[in-house]
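Residue numbers (our numbering), protein chains in the order written: chain A, 5 to 542; chain B, 105 to 426. From the three backbone atoms N, C-alpha and C, an ideal C-beta is built for every residue, glycine too. Just so you know, these numbers come straight off a predicted model, no measurement behind them. Each remark here refers to the structure printed beneath this line.
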Ligand SMILES: NC(=O)c1ccc[n+]([C@@H]2O[C@H](COP(=O)([O-])OP(=O)(O)OC[C@H]3O[C@@H](n4cnc5c(N)ncnc54)[C@H](OP(=O)(O)O)[C@@H]3O)[C@@H](O)[C@H]2O)c1
């Protein structure tokens, strides 16, 4: 475990060579950026929805891990807010219990917890009640003194999305969005950023009423994943691949995010969202942008986000009449898998038996720029697929003229050279594989595909930081590189909105259209077949 | 006569290694075997009795730095000896379906066979990947016969805590550094947590304002004569706080105190943690679990390029600035 702690720190520093240390080495003469972690300034983190699932499962364990790895500053405090009445001590006890439950792969150190817990505070309040923000302001002033947090505050909205605007307004009216004496105030917002384009704009207006864009940190935890960040390192740190990264060499790209589980008690929420909104509009379009964006001049927030945004804006917006040709919606039905009966979506708890929700979505995106014109980006996601896997497959063009033909059963010529395929695996076995052709041993000249494999986990053992650890540190440090910006949110809604509308207008006739435990509806295979392509089996 | 010793050739050892892999692949059905290699680590050690210890360290290290390990064990025997064996160490990475395997070539040799080892080792380093030499028994650095092996690698890793005379040992290291080697010291990596804790304390503006007023630094070690750890810390702080009066005694750091007039900040050892007390008496506990050699090596292996802070500190110690 000790090894893991140290490795994690070292790897993180290595991720993108030195780049993220830039401009941060001001004036602390004791720093040694080669060996020490990036410095987190003194600050308080205020969590709205502190009694909720996300706080218990992700936020608090991440903060504790950061404390364990000596990444938090001395001047640090957490203030939790939700409606339930609790004392500071009750809050600490609740979090201690949940921490023990959700701290994966990490040791629980009682002495460290006792020390950490002294910096945890609780305030009962309703996001809709202005008086609660006045109480918060008083509490933050006290804490700034007793915990030396220097007046810096990271507000984290971990409540229902409908509260985001209200909370931002409450903070603004109480004067909490701005600080004196050079201290900073930032606001972290969890997805979803609206449920369609109009509501996304409305949310933006509410947030911007009191917070400037550079104070806003919209979290997309996919971008915090080490392996998604590694896509940038792979693309822009290796001159070998970048020259091939265009329409001249790449035939098409497939992005798959499959889950084997169903909606797991979140049926009510999921029924309103659906796969397209829940995964593609945010996470997978961000992954697509990371795969397809141009290199930025420097690795810093504005440059990287400008390129991502530019790419998202280049995605072709479909007319309603085109949508059905380039997209497929699916919903799983009941099936018997591995000797077990799995319910269909409509039979899940909390789900309307007539629900028209998409639990599967596949879209052919087209990017209208010189690099990618004519290269389809197939993106699919679904629940109750055969396994949990997220990966990106880059299919290269076939050789222009094959030397290695063999005769098929009917006497036809078959090319034994298969096109190269590069697979960037995001989960569960993070890594990169390159498929290429090799001569089959023995007489004759038959080629066979073989795979060259790099495994992130086995090449860098130890524990990698969770996405929330990475993103929390980034927000406290003020590095927004991995956060989504307003123009990116808008651009992805622009791409997705016509699909939502067209699906709304023409309800799929036969839902469910794929049995649980399969790779999705046959219409999805047909969508690729129209271009002469087929989904790979990840 | 040396002629009595069987000839050992690099090609033969590499061929033996290839058979080891082949066998592993054939016998292992449940878990895939992944052969991984990021560098060649040459390890020089002496005597016997620590085989298990060393195997454990290399086994732990391979998680972060899968390498080809080439171990030279120097033994004192009346007759010349030079023998080698090859094997692979495999571990099932936590929660994974693959076994990570690293190859190891272990030599036992009497000192008169050092030139033979040198010649074989030249053919055993993995192409195009970094080569490092960990001088596990630091005394070897002083041995004339051992010098012949130093050209095998540019980065040399030593644990200066082993030197009975701290300053003499650090001076030897500095000599190699001057001659173009990249010297790394596990005693320095052991101090990272102390240095980082101090740096963290000076993140608050209250502490930061104190920096220019620090007039006294006390570094206290737990044991007898001044060790390389305390020397390093003193030199590091002297470079940052040139106007402070520094007193540094003992080895095995127990406490560092920085004083500015009537105010002070302090970091003290409390077993598995450091306790940092800042200006207004606020106390923070910083986990500091015992770090194994594998942990320390992993830290050093993560910095294969220049390490300006360490280099300047080593220079400062040996040129007697503190
Ligand atoms: N859970 C996850 O893994 C996950 C993953 C990605 C994104 N998210 C997003 O993160 C946000 C939080 O998710 P969650 O799963 O933690 O939700 P949750 O379990 O419903 O927690 C929200 C908490 O907010 C508090 N709350 C509700 N109404 C309030 C009000 N009017 N004023 C103050 N506090 C109020 C509630 O505590 P009281 O009853 O005590 O008030 C509740 O415990 C959501 O936007 C969600 O979409 C969650």
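Measure the CB-CB distance between residue i and residue j and report whether it falls below 8 Å.
i	j	result
residue 181(B)	residue 150(B)	no
residue 262(B)	residue 245(B)	yes
residue 204(A)	residue 215(A)	no
residue 84(A)	residue 126(A)	yes
residue 320(B)	residue 369(B)	no
residue 387(B)	residue 373(B)	no
residue 353(B)	residue 330(B)	yes
residue 391(B)	residue 116(A)	yes
residue 369(A)	residue 430(A)	no
residue 366(A)	residue 392(A)	no
residue 52(A)	residue 161(A)	yes
residue 190(A)	residue 159(A)	yes
residue 518(A)	residue 512(A)	no
residue 528(A)	residue 332(A)	yes
residue 274(B)	residue 148(B)	no
residue 277(B)	residue 418(B)	yes
If the cut is a Cβ gap below 7 Å, which residues of chain B does residue i touch?
i	result
residue 79(A)	308
residue 46(A)	307, 308
residue 35(A)	303
Residues of chain B with CB closer than 8 Å to the CB of residue i, please, in chain order.
i	result
residue 40(A)	296, 299, 300, 303
residue 491(A)	Simply none; closest approach about 33 Å.
residue 43(A)	303, 304, 307
Using a cut-off of 7 Å between C-beta atoms, extract the partners of residue i located in chain A.
i	result
residue 389(B)	115, 116, 119
residue 333(B)	The contacting residues do not exist; residue 333(B) stays about 15 Å from chain A at best.
residue 159(B)	Going along chain A, no residue has its Cβ under 7 Å from residue 159(B), so there is no contact; the nearest lies around 16 Å.
Could you tell me the alpha carbon to alpha carbon distance between residue i and residue j, rounded to whole angstroms?
i	j	result
residue 276(A)	residue 501(A)	15 Å
residue 129(A)	residue 88(A)	8 Å
residue 433(A)	residue 420(B)	46 Å
residue 227(B)	residue 256(B)	11 Å
residue 47(A)	residue 173(B)	45 Å
residue 25(A)	residue 42(A)	Because the pLDDT at residue 25(A) is just 37, under 50, the model does not fix this residue reliably, and the point stays unresolved.
residue 119(B)	residue 268(A)	54 Å
residue 95(A)	residue 110(A)	22 Å
residue 417(A)	residue 407(A)	11 Å
residue 402(B)	residue 146(B)	15 Å
residue 30(A)	residue 400(A)	With a pLDDT of 46 at residue 30(A), under the threshold of 50, the predicted position of this residue should be treated as unreliable, and no value is reported.
residue 126(B)	residue 194(B)	14 Å
residue 148(A)	residue 194(A)	26 Å
residue 238(A)	residue 397(A)	14 Å
residue 363(A)	residue 356(A)	14 Å
residue 397(B)	residue 290(B)	8 Å
residue 186(B)	residue 280(B)	28 Å
residue 296(B)	residue 335(B)	14 Å
residue 285(B)	residue 294(B)	21 Å
To which residues does DSSP link residue i through a beta bridge?
i	result
residue 238(B)	147(B), 261(B)
residue 351(B)	322(B)
residue 370(B)	361(B), 381(B)
residue 160(A)	51(A), 192(A)
residue 453(A)	441(A)
residue 221(A)	192(A)
residue 419(A)	409(A)
residue 171(B)	143(B)
residue 524(A)	Paired residue(s): none; residue 524(A) is not in a bridge.
residue 301(A)	DSSP output for residue 301(A) lists no bridge partner at all.
Which residues of chain B have a Cβ atom closer than 9 Å to the Cβ of residue i, listed in chain order?
i	result
residue 72(A)	391
residue 96(A)	None at all; the shortest Cβ gap to chain B is about 16 Å.
residue 478(A)	The premise fails here: residue 478(A) is roughly 17 Å from chain B at the closest Cβ pair, so nothing lies under 9 Å.
List the residues of chain A whose Cβ lies closer than 9 Å to the Cβ of residue i, in chain order.
i	result
residue 386(B)	78, 79, 150, 151, 152
residue 380(B)	78
Run down chain A in chain order and give the residues with a C-beta less than 8 Å from the C-beta of residue i.
i	result
residue 312(B)	31, 32
residue 291(B)	The contacting residues do not exist; residue 291(B) stays about 14 Å from chain A at best.
Answer yes or no: does any C-beta atom of chain D fall closer than 8 Å to that of residue i?
i	result
residue 144(B)	Looking at the structure shown, chain D is missing, and the protein chains on hand are A and B.
Is residue i near ligand 2 - that is, is its Cβ less than 7 Å away from at least one heavy atom of it?
i	result
residue 475(A)	The ligand content of the structure shown is limited to ligand 1, which means ligand 2 is not among them.
Please list the segments of the beta strand (DSSP E) lying wholly inside the segment 303 to 358 of chain A, counting only runs of 3 or more residues, in order along the chain.
-> 331 to 334, 339 to 341, 344 to 346
Every unbroken alpha helix (DSSP H) within the segment 225 to 286 of chain A, with a cutoff of 4 residues, ordered by chain | 230 to 241, 271 to 277
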